[in-house]
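Colleague: In the working numbering, the protein residues as written are -19 to 53.
After the structure tokens below, expect a handful of questions from me.
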Amino acid sequence: MQKIREFLELRAFGVCSAIGERLGIASSRIRMWFIYISFLTLGSPVIIYMILAFWINIKNYILAGRRNPLRNL
């Protein structure tokens, strides 16, 4: 179980970690509340999670493109 948890924390999209860093809250608390809310609302936060993951991923690609010195040659 510990290996699965470590895999998900390191390789997941990082949405909970990004929200935790912005708000100053531990990412484990955010994950816990996300799971609780998902059960209560029958999974609708999963859609929000995927949208946020997509947004963070696109933002990282845009920032990486700006920092690439070879792109402007």
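C-beta: ideal position from N, C-alpha, C; glycine also.
I'd like to know whether the C-beta atoms of V(-5) and I36 end up nearer to each other than 8 Å.
Modeller: Indexing the sequence shown from 1 puts residue -5 at position 15. Indexing the sequence shown from 1 puts residue 36 at position 56. For V(-5) and I36, yes; Cβs fall inside 8 Å.
Colleague: Within this structure, are the beta carbons of I(-1) and I17 separated by less than 8 Å?
Modeller: For this step, residue -1 is matched to residue 19 along the sequence shown. For this step, residue 17 is matched to residue 37 along the sequence shown. No, they are not a contact pair.
Colleague: Judging by CA-CA distance, which residue of N40, Y41, I42 and I15 is the nearest neighbour of Y29?
Modeller: Mapped onto the sequence shown, residue 29 falls at position 49. The candidate whose alpha carbon is nearest that of Y29 is I15.
Colleague: What would DSSP say about I5, mapped onto helix, strand or coil?
Modeller: Position 25 of the sequence shown holds residue 5. Correct three-state label for I5: coil.
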